[in-house]
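Only one structure is covered here, and it is reproduced in the block below.
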Amino acid sequence: MPNLKGKKILIFQQRGWGRRIGRFLAAKLYAEGCKLAALTFKNTTHELIVKQDDAKYEMIISNDKIMSRPKDYLGGDRYSLKEICDKIGVDSIWPIVSTLRNHVRSYKDKYYYSFKQNVSDEEIIDYIMAVYKYMNIFFHEFKPDVIITPNFVSFPHVMFNLYARKLNIPIFAITDSKISGYYIFTYDYNDSDGPFYRRVDELNSGKVETENRKKAKEYIREFRENFKKPDYMGDNESEPSMLQKIKKELSPYAQIIRWYLKKQINVLESTGITIDYKPPRIILRDHYCHERYKKFMEHYSYYPFSKVKKFVYFPLQFQPEATIDVISPRFNNQIETARQVAMSLPGDYTLVVKEHPGMVGLRPPSYIKKIDRTPNIKLIDYKITSEEVLKKTDLIISPSGTTIAEAAFFKKPVIQLGNLGTTLKLPNVFKYTDMTSLPKKIKEVLEVNLNTNDYERRLENYVAAVFDVTFNFNYIKAWEKGTGDLEKLWVFYRKEIENSLIN
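Quick note: the sequence shown uses my numbering, first residue 308, plus one each step.
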């Protein structure tokens, strides 16, 4: 086992991940003689990292403290956006800025986020400069050998990813493979680089073979016979008991009592009210809005799915979220994207739209009504399963999402509008971004025959590559609840650190 002693590891100690996984990894790395630095997200997590007694850090910077008062952190330092863009290798900073949910959206104006800008452009630019300043401190004073981040979810993550790649410093996160229970180490915020992506290319080249082809064929067969739900959906929830219902109704009032009894430290001066800092009126607003939105969705008059004939499917995405706001920023206005797609459909095709199950109770009725009252769109009941829709549709159009992978098992073509690299490795996916010529592309893809031996082989290659180089672990539960064998997870992380240093 290679020696990690003296290696410099920068960890993004982020929110719940930092509390439940990040601190554990830091302790393991420190025990092996690594030198550590941390960029923290959320003030309560920052306190835990500062007080961590089984790992010592040579440098700790709080993103939230800086975000709260970026001008104070900058002092007299100023940087042009051109300098920053040149440094990280992009033409424009603003697509990355769209990942700043508490800046470009407003939590105080509406539950669950208003699309109105929360802070001025000038304040956003101050924060951009502040991130640029502390990024340079980490890279040129601490000088990391490896950077570990939970995911690539926001502005600092993307900035560090782009600059680290220019300096050939490995930075990696974990993302889902779209194969149930398996997770990927990804080295790119578009989820397009890493061992899995290279393995798929190797298998598709035909120059190598996999020992997991039989296992891949079995997985594909099982999926087609018994549709596999995404990991994030978990098991079917039973009807809550009367006691659980009472606790749920009393929950906001308990939160309000805690708000008054305990000092609130997760408030940022620059952004004000956020999901982390909710005064009593916002706690009550959120609770009753959620109940009202959910009841609206449960009783809405959806278009009868049985009446739909020829259609293209557009599944709504969870938002704010990395897969839509980080990887597909130019298509994150889902109402407008759906409208553009509906206008592009040929012949007798209509666009079927279905709400993401995780967003039920989060999106306001006005949002749903806008989609439903758009020409050539049929909004169907969110309770209709993806399996039912996928088996009946002729084509899926989506910026990203798990539905793209699910469609592959049913040999349904997908036009992917966004940059999600994981799904671009699937044989049913055609990337396209030019909305002005989308009608022609739709007609072209509808004519493609996916019922071929080559298609099946490439689907097997994708699944086999997952079994070859990814890992099987209940990562979501470890992140959200701190459960599972973290020692097993450490083995996966340590191996990836070794590989990243070698490669």
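Where is the CB? At the ideal position from N, CA and C, for every residue including glycine.
All values derive from a computational prediction rather than experimental measurement.
Item, Value
"Using the beta-carbon count (16 or more within 10 Å), is T578 buried or exposed?", "buried"
"Would you identify the three-state DSSP class for D483, choosing helix, strand or coil?", "strand"
"Determine the direct distance from the alpha carbon of I486 to that of V752, and round the result to whole angstroms.", "25 angstroms"
"If the criterion is Cβ atoms closer than 7 angstroms, does the pair V736 and V755 meet it?", "no"
"Since F816 sits in a beta bridge, which residues does DSSP pair it with?", "With the chain covering only 308 through 810, there is no way to say anything about residue 816."
"Provide the residue span of the alpha helix (DSSP H) that contains Q641, from first to last.", "Q641 to M650"
"What is the rounded straight-line gap between the Cα of G728 and the Cα of S499?", "4 angstroms"
"Using 8 angstroms as the threshold, is the stretch 628-639 in touch with the stretch 704-712, meaning 3 or more CB pairs across them?", "yes"
"Judging by CA-CA distance, which residue of K719, L652, T790 and R765 is the nearest neighbour of P746?", "L652"
"What whole-angstrom Cβ distance do W324 and W786 have, given they're in contact under 8 angstroms?", "5 angstroms"
"Over what stretch of residues does the alpha helix (DSSP H) that includes E430 continue unbroken?", "D428 to I444"
"Contact defined as beta carbons within less than 8 angstroms: I believe E767 pairs with A523. What is the distance between those atoms, to the nearest angstrom?", "5 angstroms"
"What are the boundary residues of the alpha helix (DSSP H) that E354 is part of?", "N350 to V357"
"Kindly indicate the opening and closing residues of the beta strand (DSSP E) around T657.", "T657 to K661"
"Leaving out the 5 sequence neighbours to the left and right, which residues in its chain are closer than 7 angstroms to P309 when beta-carbon positions are compared?", "E805"
"Using only the alpha-carbon positions, how far apart do T777 and Y414 sit?", "37 angstroms"
"Which residue's Cα is closest to the Cα of K839: Y689, T710 and D688?", "No statement about residue 839 is possible, as the shown extent of the chain runs from 308 to 810 and does not include it."
"Indicate whether R326 and L355 have their beta-carbon atoms separated by less than 7 angstroms.", "yes"
"For A714 and S369, what's the separation of their Cα atoms in angstroms?", "42 angstroms"
"Run through the DSSP bridge pairs and tell me what I367 is partnered with.", "A345"
"Do you know how far the Cα of D655 is from the Cα of F492?", "43 angstroms"
"Is the beta carbon of F716 sitting closer than 7 angstroms to the one on R531?", "yes"
"Within the continuous alpha helix (DSSP H) that includes V619, where are the two ends?", "Per DSSP, V619 belongs to no alpha helix (DSSP H); it is in the beta strand (DSSP E), F618 to P622."
"Determine which residues share a DSSP beta bridge with I454 and list them.", "L317 and I478"
"Quick check on the DSSP output: the beta strand (DSSP E) that includes F737 runs from which residue to which?", "V736 to K738"
"Going by other Cβ atoms of all chains shown within 10 Å of its Cβ, with 16 needed for buried, is Q551 buried or exposed?", "exposed"
"State buried or exposed for G313, treating a residue as buried only when at least 16 other CB atoms are found within 10 Å of its CB.", "exposed"
"Could you check what DSSP says for K569 in three-state terms: helix, strand or coil?", "coil"
"Quick check: the stretch 329-337 against the stretch 356-376, are there 3 or more CB pairs under 8 angstroms?", "yes"
"With which residues is S705 paired in a DSSP beta bridge?", "Q723"
"Where does I634 fall in DSSP's three states?", "coil"
"Is the number of C-beta pairs between the stretch 616-625 and the stretch 439-459 that are closer than 8 angstroms three or more?", "no"
"Taking contact to mean 3 or more Cβ pairs, one atom from each stretch, closer than 8 angstroms, check whether the stretch 581-599 and the stretch 659-667 are in contact.", "no"
"Taking K521 as part of the alpha helix (DSSP H), name the residues at either end of that continuous run.", "R520 to E532"
"With DSSP as the reference, identify every bridge partner of I395, one or two as the case may be.", "DSSP lists no partner for I395."
"Of the residues L733, K614 and M366, which one's Cα is nearest the Cα of D761?", "L733"
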